[in-house]
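Asks: The following block contains the structure, expressed as structure tokens.
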Ligand code: UDP
Ligand code: LCN
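Quick look at the structure:
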């Protein structure tokens, strides 16, 4: 097998490739001659393999060549830029690791080339003048990253906070002087001008240590549940303020953790300490994208999981903040503000309301700031003043969402000097092949020049990046990650990025979202079931009429249902699922198909992609004569009813299918699994990580419909023979959720990140500042010009701007 010939880390491809080529010189000469025969072009792996197949016709000979190192190099190649007589390879032997080499097709000589040289090869294909322009703008964020530590292993990617804790441990080691930054950090902790934890009298580490010893002795004599107030005065005499804990026991624990961290820091102690410090009370979350509202918004343009994610995130963060504040013994009111755009023409939603309390929270609000005023489109938008007015103080943490929100978050965080996290949900760059090199063609529709520029600015500005899965950062063995695709890329005519982001940067963290468990709970919890929805759901699934809400019907009510729910975007592939079902007689005989997606009248849509999908759905129902076996339900907006819908599908002993061509994370997968519904989900993107194939659900390959529909049919056949099989999968899905995908786990992780990276940005101040200066220049010279030139959209059918 080719994959067994893995190079050692120390081996470079440039060093090993000449030998490998020599060993198969005859075949390789032919092969490279084919590569260059048609002139300049960009080849992807599949094309490379096709050419190899054509050049080495004999199957045995071919596998012999491919079994060796050469096969390994070729299969690890992500793309090759052909500029005769050279073929420049971008090889990715492992997630995050790239090497560039050029091979001369005439004499098969191999040279290692730099990232910049590789990108120039690529540019030769798209814009030769630019490639040869010595003054072409090159962006190198790595150049300002001199002292930032880097992780070394692909497997460490995504655990940035853990790595930073270890790194900080070594910085804090070595006595009082080394621990001073921690003391400074504690001294700076305040709330509304009031000191927390320690006051100015403890101005040296040894003074702090002495006070800690005295306090611990004192506390050991007190009953565990003594409230902090009872010894607050005494504590002040030692230089301590509020925030240590609510009871003597909790305070003593915190004191011990800090003492140990000062004496001999270790990463676990440090993380424990940071989880307890009163550092975060006020959070601003930016989410200008789409229609941000609490009801009736899902399915509106650009409005999907991001809104669900943020509302659930706010609830989870507030709950965790309230718990922590209580444990800290404080009486502080936390505030979370979701800042979005105010949409005057709100289509019956509340998106035209300025301030709206968030349901199921005590202190959180949505703040909507207008983009359009009576005087036209607001070109400059500064929400900072409004936020400061509402919060009556600076926020402690700013979190951005998606390209637009992240950019605003970066600007505000830099202006106010506060810790910033970013979330992408989905980065657009990987959604379209060669979206960077072909940016000029795509720009009129998608404005990628602007979007990629803002993405790269906020990735670099952020103190930490929250991702939902590993693959979002660094992909898989075969597929580069969404962030990884920003490591090096080029937009000929605009700029060339030789170092955009480094996936080994410890700012990357995985904190996967969950699903609201008060809405999405197992179908087996009978007493909690929302039976008031039963008649409506019965009608929704089984009535025989076509109306505004549903078309098609299910003739055989006894069959299990395979179910899917998504926006009717091409990438969601609901039409693909319908076709798999239509084609597979065995599957059709075993189950019915129900999909919730978009709506039925193409003339009502403004989105070209959606219009095409609606038409395709109708055509497929016709072509495969699906009436009687399919129910197509229009987009649903009531999440409580949706929760019950998933459970009713589980009652039918059915399954959820998420067939997307690519899915960044996939909240519906989590929702279905929370309801105990066995789930089949795409192997392209996040769901491949959520589900352990064959254990907690199944993967399906959206590019191989027959295989996928047969997998689903096999499952239902097996369930017929072994009734327990369905129950086992249902339970295993739930177990996976409880272990890895809950909002509680998420909230703890994110708040800890806020504190850890807050301290880290202080330790790393000079480095941070240098980078900020570079970003500032890039923003002013590049981004603002691009943004200024954006056309203002007019009415009429819109190009899709896929919801993240
Ligand atoms: N959703 C919904 N009604 C619909 C389609 C989707 O309520 O008609 C919800 C779904 O339950 C989920 C979210 O919208 O909470 C979609 O999130 P996902 O991550 O699956 O995809 P996205 O739309 O964000 O790409
Ligand atoms: C955007 C997407 O495309 C989905 O894959 C995610 O689940 C959703 O946002 C929430 O992060």
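In UniProt numbering, the protein residues as written are 1 to 804.
Note that CB positions come from ideal geometry on N, CA and C, so glycine has one too.
1) Is residue 426 close to the ligand LCN? I mean its beta-carbon at under 7 Å from any heavy atom of the ligand.
2) What's the gap between the Cα of residue 3 and the Cα of residue 605?
3) At a cut-off of 7 Å, is residue 313 close to the ligand UDP when judged by its beta-carbon and the heavy atoms of the ligand?
4) Within the chosen definition, does the region 574-583 reach the region 621-631 through at least 3 CB pairs nearer than 8 Å?
5) Going along the chain, which residues of its own chain have a beta-carbon closer than 6 Å to the beta-carbon of residue 634, five neighbours each way excluded?
6) What first and last residue would you give for the beta strand (DSSP E) that runs through residue 357?
7) Taking the C-alpha atoms as reference points, what is the distance between residue 789 and residue 51?
8) Based on the DSSP output, what are the partners of residue 827 in its beta bridges?
9) Assign residue 244 to one of three DSSP states: helix, strand, or coil.
10) Can you tell me whether residue 269 is helix, strand or coil according to DSSP?
11) Could you name the residues of the same chain whose beta carbon sits closer than 6 Å to that of residue 465, not counting the 5 residues immediately before and after it, in chain order?
12) Between the C-alpha atoms of residue 488 and residue 459, what's the straight-line distance to the nearest angstrom?
13) At 4 residues or longer, and completely inside the region 558-604: list those alpha helix (DSSP H) runs for me, N to C.
14) Round the Cβ separation of residue 687 and residue 729 to the nearest angstrom and send it over; I've been treating them as touching at under 8 Å.
15) In the DSSP assignment, find the unbroken alpha helix (DSSP H) run with residue 774 in it and report its ends.
16) Apart from the five residues just before and just after residue 707, which ones in its own chain have a Cβ nearer than 7 Å to its Cβ?
17) In three-state terms, what does DSSP make of residue 787?
18) Does residue 39 pass the burial test, meaning 16 or more other C-beta atoms within 10 Å, or should it be called exposed?
19) By Cβ distance, which residues of its chain are closer than 6 Å to residue 499, with the 5 residues on each side in sequence left out?
20) Just list the alpha helix (DSSP H) runs in the region 416-501, keeping only unbroken ones of 4 residues or longer that don't cross its boundaries, in chain order.
21) Assuming residue 734 and residue 777 make a contact with CB atoms under 8 Å, what is their CB distance in whole Å?
22) Below 8 Å, can you find three or more Cβ-Cβ pairs linking the region 748-765 to the region 152-172?
23) Starting from residue 52, trace the alpha helix (DSSP H) both ways and give me its first and last residue.
24) Is the beta carbon of residue 226 less than 8 Å from the beta carbon of residue 247?
25) What three-state label does DSSP hand residue 509 in the structure shown?
26) Using 7 Å as the cut-off, classify the Cβ of residue 667 as near or not near the heavy atoms of the ligand LCN, replying yes or no.
27) For the ligand UDP, any of its heavy atoms closer than 7 Å to the Cβ of residue 595?
28) Quick one: is the Cβ of residue 566 within less than 7 Å of any heavy atom of the ligand HEM?
29) Who are the near neighbours of residue 430 in its chain, counting only those whose CB is closer than 7 Å to its CB and skipping five residues on each side?
30) Return helix, strand or coil for residue 207, following the three-state DSSP convention.
31) Excluding sequence positions up to five away, which residues of its chain have a Cβ less than 7 Å from the Cβ of residue 201?
32) To which residues of the same chain is residue 127 closer than 7 Å at the C-beta, ignoring the five residues directly before and after it?
33) Tell me the rounded alpha-carbon separation between residue 146 and residue 414.
34) Taking residue 333 as part of the beta strand (DSSP E), name the residues at either end of that continuous run.
35) Return the bridge partner residues of residue 401 from the DSSP annotation.
36) What first and last residue would you give for the alpha helix (DSSP H) that runs through residue 535?
Replies: In short:
1) Flag set: Cβ of residue 426 near the ligand LCN.
2) For residue 3, the predicted structure reports a pLDDT of 42, less than 50, and the residue's modelled location is therefore unreliable. A value from the coordinates is still provided. Those two C-alpha atoms are separated by around 48 Å.
3) Taking the Cβ of residue 313 as the reference point, every heavy atom of the ligand UDP lies at 7 Å or farther away.
4) A contact exists between the region 574-583 and the region 621-631.
5) Taken in chain order, the residues that qualify are 549 and 599.
6) Residue 357 -> beta strand (DSSP E) spans 355-357.
7) Rounded to whole angstroms, residue 789 to residue 51 spans 43 Å at the Cα level.
8) As shown, the chain starts at 1 and ends at 804. That puts residue 827 outside it, with no answer to give.
9) Coil, per DSSP.
10) Reduced to three states, the DSSP call for residue 269 is helix.
11) For residue 465, the CB contacts under 6 Å within the same chain, skipping 5 residues up- and downstream, are 422, 507 and 508 in chain order.
12) Distance from the CA atom of residue 488 to the CA atom of residue 459, rounded to whole angstroms, is 14 Å.
13) You should have 574-583 and 585-590.
14) Rounded, the Cβ-Cβ distance is 15 Å, inconsistent with contact.
15) Note, residue 774: alpha helix (DSSP H), 765-778.
16) Excluding its 5 nearest sequence neighbours in each direction, residue 707 has C-beta neighbours in its own chain below 7 Å: 701, listed in chain order.
17) Three-state DSSP puts residue 787 in a helix.
18) When all chains shown are included, residue 39 counts as exposed.
19) Within the same chain, 140, 141 and 142 come within 6 Å of residue 499 by CB-CB distance, once the 5 residues on both sides are set aside.
20) As summarised for the region 416-501, the continuous alpha helix (DSSP H) elements at least 4 residues long and confined to that stretch are 439-446, 448-461 and 470-474, given in chain order.
21) The beta carbons of residue 734 and residue 777 sit about 51 Å from each other, so the pair does not count as a contact at 8 Å.
22) Judged by Cβ distances under 8 Å, the region 748-765 makes contact with the region 152-172, as three or more pairs qualify.
23) Here the alpha helix (DSSP H) through residue 52 covers 45-55.
24) Less than 8 Å separates the beta-carbon of residue 226 from that of residue 247.
25) Three-state result, residue 509: strand.
26) When distances are taken from the beta-carbon of residue 667 to the heavy atoms of the ligand LCN, the shortest one is below 7 Å.
27) Distances between the C-beta of residue 595 and the heavy atoms of the ligand UDP are all 7 Å or more.
28) Although the ligand HEM was asked about, the structure shown includes only the ligand UDP and the ligand LCN as ligands.
29) Excluding the 5 residues flanking it on each side, residue 430 has same chain C-beta neighbours closer than 7 Å at 482 and 485, in chain order.
30) The answer is helix: DSSP assigns residue 207 an H, G or I state.
31) By the criterion of a C-beta distance shorter than 7 Å, residue 201 is surrounded in its chain by 239, once the five residues flanking it on both sides are discounted.
32) Once the five neighbours on either side are set aside, the close Cβ partners of residue 127 are 492 and 493.
33) The straight-line gap from Cα to Cα measures roughly 20 Å.
34) From DSSP, residue 333 is part of no beta strand (DSSP E); its letter is neither H nor E.
35) 423, per the DSSP bridge assignment.
36) From DSSP, the alpha helix (DSSP H) with residue 535 extends over 534-542.
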